[in-house]
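Asker: Residue numbers (the working numbering): 19 to 231. Structure incoming, see below.
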Amino acid sequence: MTVAAQGPRFQPDTSTVGSGIISGQRVGYIRVSSLDQNIIRQLDGIQLDRIFTDRLSGKDLHRPQLDAMIGFVRDGDTVLVHSMDRLARNLDDLRSTVRTLTGKGVRVEFVKEQLTFTGEDTAMATLLLSVMGAFAEFERALLLDRQREGIALAKQRGAYRGRKPSLNSEQIARLTERAAAGDAKTALAREFGISRETVYQYLRAAARHRGVE
Numbered sequence: 019m020t021v022a023a024q025g026p027r028f029q030p031d032t033s034t035v036g037s038g039i040i041s042g043q044r045v046g047y048i049r050v051s052s053l054d055q056n057i058i059r060q061l062d063g064i065q066l067d068r069i070f071t072d073r074l075s076g077k078d079l080h081r082p083q084l085d086a087m088i089g090f091v092r093d094g095d096t097v098l099v100h101s102m103d104r105l106a107r108n109l110d111d112l113r114s115t116v117r118t119l120t121g122k123g124v125r126v127e128f129v130k131e132q133l134t135f136t137g138e139d140t141a142m143a144t145l146l147l148s149v150m151g152a153f154a155e156f157e158r159a160l161l162l163d164r165q166r167e168g169i170a171l172a173k174q175r176g177a178y179r180g181r182k183p184s185l186n187s188e189q190i191a192r193l194t195e196r197a198a199a200g201d202a203k204t205a206l207a208r209e210f211g212i213s214r215e216t217v218y219q220y221l222r223a224a225a226r227h228r229g230v231e
């Protein structure tokens with residue numbers, strides 16, 4: 019994944035319109051579910067002008083960098099995503115996000131599926147978006163089922179210890195102090211590399227702990 023030097027946002031060069039040359043910036047969107055996942059594997063070796071990265075699970079409704087990317091891109095830009103399941107939580111979300119981007123004149127390319135959408139797509143391309151999106155959703159559901167089955171079997175053997183905490187005790191204390199001081203939950207989630215829901219979980223746990231002291 020190669021990122022060009024990032025400067026101010028310029029209007030795309032329209033001198034090539036009608037010449038068959040795609041103008042505008044190449045913008046990458048990456049989503050990883052935790053700090054442990056390597057973002058380099060997504061869009062590796064692809065020349066990009068700008069990258070937006072969310073570090074949260076696919077089920078998280080609040081994806082600030084996706085919203086920022088949608089607000090950033092302009093007519094003539096190209097958005098590149100590793101795969102459909104990185105862009106959307108489900109099929110409806112996928113179709114809505116692609117329509118929003120192509121409605122702004124932005125091309126959307128999915129590297130893994132080798133599909134491109136422009137807003138002027140044929141009926142076959144629209145069908146492919148639905149079919150491949152449904153397949154990605156189904157594949158993700160199967161993965162979750164296998165994870166649940168594996169956890170159930172591990173519990174039966176007494177081998178399941180649960181997930182390792184995202185933050186250590188010192189980080190939790192600092193997070194709680196910052197939240198009590200009025201720091202925004204979204205800013206805290208970004209700084210500590212966790213989702214907003216996880217921030218609230220830690221704060222609720224801290225409140226329960228104070229209640230029994």
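Cβ atoms here follow ideal geometry from the backbone N, Cα and C, with glycine treated the same way. Being a predicted model, the structure only gives us computed values, none of them experimental.
(1) In whole angstroms, what is the alpha-carbon distance linking Q29 and D72?
(2) Return the CA-CA distance between A86 and E215, expressed in angstroms with no decimal places.
(3) Below 7 Å CB to CB, which residues in the same chain sit around Q102 once its five sequence neighbours on both sides are set aside?
(4) Taking all protein chains shown into account, decide if D110 is buried (16 or more other Cβ within 10 angstroms of its Cβ) or exposed.
(5) Which value, in whole angstroms, describes the spacing of the CA atoms of G46 and R175?
(6) Just the Cα atoms here: how many angstroms apart are A207 and R49?
(7) Start and end of the alpha helix (DSSP H) containing E127?
(8) With a CB to CB cut of under 7 Å and the five nearest residues on each side skipped, what residues in its chain are close to R44?
(9) For a test of the three-state rule: what should DSSP assign to R192, helix, strand or coil?
(10) Taking the straight line between their C-alpha atoms, what separation do you get for S187 and E195?
(11) Identify every residue that forms a DSSP beta bridge with R14.
(12) Among the candidates N108, T134 and R107, whose CA atom is the shortest distance from the CA of T120?
(13) Under 8 Å by Cβ, that's how I've got T118 and I88 pegged, so tell me the actual separation to the nearest angstrom.
(14) Can you tell me the Cα-Cα spacing of L79 and V91, whole angstroms?
(15) Do I190 and Y220 come within 8 Å of each other at the CB atom, strictly closer than that value?
(16) Taking 7 Å as the limit between beta carbons, can you name the residues of its chain near T204, skipping five residues before and five after?
(17) Where A143 and N108 are concerned, what is the direct C-alpha to C-alpha distance, given to the nearest angstrom?
(18) To the nearest angstrom, report how far apart V116 and L105 are at their CA atoms.
(19) Per DSSP, which one or two residues make a beta bridge with V116?
(20) Ignore the nearest five residues each way along the sequence and tell me which others in T136's own chain have a CB closer than 7 Å to its CB.
Answerer: Taking the coordinates as given:
(1) Because the pLDDT at Q29 is just 40, under 50, the model does not fix this residue reliably, and the point stays unresolved.
(2) 20 Å
(3) The identity of residue 102 in the sequence shown is Met, whereas the question assumes Gln. The residues are L112, F128, E131, M150, G151 and A154.
(4) exposed
(5) 43 Å
(6) 15 Å
(7) It is not in any alpha helix (DSSP H) - E127 instead sits in the beta strand (DSSP E) that spans R125 to F128.
(8) Q65, L66, D67, T96 and L98
(9) helix
(10) 12 Å
(11) Absent from the structure is residue 14, since the part of the chain shown begins at 19 and ends at 231.
(12) T134
(13) 6 Å
(14) 21 Å
(15) yes
(16) P82 and R214
(17) 18 Å
(18) 9 Å
(19) Paired residue(s): none; V116 is not in a bridge.
(20) T120 and R125
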